[in-house]
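Right, one structure below, let's go through it.
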Amino acid sequence: MKQHAIITGAGTGVGRHTAIALAKAGWALTLNGRTLSTLEETQKSCQAHGTRCHIVAGSIAQRGFAAQLIQEAIQTHGAVGVLCNAAGTNTPRRMLEELSEEDYHRLIDTNLHGSYDAIQAILPSMREARSGTIINIISDSAIWGMPLAGAAYTVSKFGLRGLTQTINAEENKHGIRACGILPGEIDTPILKQR
Numbered sequence: 012m013k014q015h016a017i018i019t020g021a022g023t024g025v026g027r028h029t030a031i032a033l034a035k036a037g038w039a040l041t042l043n044g045r046t047l048s049t050l051e052e053t054q055k056s057c058q059a060h061g062t063r064c065h066i067v068a069g070s071i072a073q074r075g076f077a078a079q080l081i082q083e084a085i086q087t088h089g090a091v092g093v094l095c096n097a098a099g100t101n102t103p104r105r106m107l108e109e110l111s112e113e114d115y116h117r118l119i120d121t122n123l124h125g126s127y128d129a130i131q132a133i134l135p136s137m138r139e140a141r142s143g144t145i146i147n148i149i150s151d152s153a154i155w156g157m158p159l160a161g162a163a164y165t166v167s168k169f170g171l172r173g174l175t176q177t178i179n180a181e182e183n184k185h186g187i188r189a190c191g192i193l194p195g196e197i198d199t200p201i202l203k204q205r
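Each residue of the sequence shown is one higher than the one before, counting from 12 in my numbering.
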């Protein structure tokens with residue numbers, strides 16, 4: 012049986028490139044993102060490498076969506092070996108003096124709560140399998156606060172880094188590990204929002 016990975020934020024940026032890399036390695040994929048057209052582009056690129064690729068459009072920030080995503084992924088391709096949380100967003104009005112409460116909550120809901128919800132939804136099946144890897148695409152903003160990243164983005168990434176460390180502390184007894192990737196700036200649509 013081929014390995015199966017779920018990737019959130021797979022329509023663009025790091026999520027898209029992660030999906031293509033796993034497709035080249037022969038993984039079955041379940042791809043998630045908000046925009047159907049960009050997901051379909053990623054799906055086409057992945058299928059060009061002969062992989063099975065299922066897409067589920069929707070916002071990981073929406074309560075209850077992550078559980079539906081995980082359930083559909085398992086029904087489509089079976090057990091999940093990897094969950095990659097690459098979904099993320101930012102806002103052009105990032106500085107504390109201009110950051111709206113609405114934008115703050117939207118960023119936290121997408122960048123932190125969405126990943127948390129997906130992790131909580133996948134953990135029971137990974138525990139049962141006694142195996143699994145959770146990859147959280149974080150940011151070097153989780154090391155120190157930076158004005159260019161903004162307050163809400165930085166808070167969300169610090170939280171995701173802490174969640175990653177907690178998963179390792181709590182879930183290693185079940186054969187589950189978590190990895191946090193903390194890149195610097197990458198030329199993605201988020202960067203263009205500045």
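Ideal Cβ positions, reconstructed from N, Cα and C, are used throughout, including at glycine.
Supposed contact pair residue j and residue i - C-beta distance, whole angstroms, cut 8 Å
i: Asp120; j: Ala72; result: 4 Å
i: Gly208; j: Leu110; result: The first residue shown for the chain is 12 and the last is 205, placing residue 208 beyond what the model contains.
i: Thr49; j: Gly22; result: 3 Å
i: Asp128; j: Ala163; result: Actually they do not touch by this definition, with Cβ atoms about 18 Å apart.
i: Trp44; j: Gly20; result: According to the sequence displayed, residue 44 carries Gly and not Trp. At roughly 6 Å, the Cβ-Cβ gap stays under 8 Å, so Gly44 and Gly20 are in contact.
i: Asn122; j: Ser70; result: With a Cβ gap of about 12 Å, Asn122 and Ser70 do not count as contacting.
i: Ser6; j: Leu171; result: The structure shown does not extend to residue 6, since the chain is modelled only from 12 through 205, so no value can be given for it.
Residues bridged to residue i [DSSP beta-bridge criterion]
i: Cys57; result: In DSSP, Cys57 forms no bridge with anything.
i: Asn43; result: Val67
i: Gly191; result: Asn147
C-beta contact flag for residue i and residue j at 8 Å
i: Ala77; j: Ala132; result: yes
i: Gly186; j: Ser136; result: no
i: Cys64; j: Ala16; result: no
i: Ala98; j: Gly195; result: no
Below-8 Å beta-carbon distance, residue i vs any chain B residue
i: Gly143; result: Absent from the structure: chain B. Only one protein chain is present.
Limits of the alpha helix (DSSP H) - the one that residue i falls within
i: Ala34; result: Gly24 to Lys35
i: His88; result: Phe76 to His88
Start and end residues, beta strand (DSSP E) containing residue i
i: Asn206; result: A question about residue 206 goes unanswered here, because the residues of the chain that appear run from 12 up to 205.
Check: What are the start and end residues of each continuous beta strand (DSSP E) run of 3 or more residues lying completely inside the region 116-168, in chain order?
Finding: Whole beta strand (DSSP E) segments, 3+ residues: 143-148.
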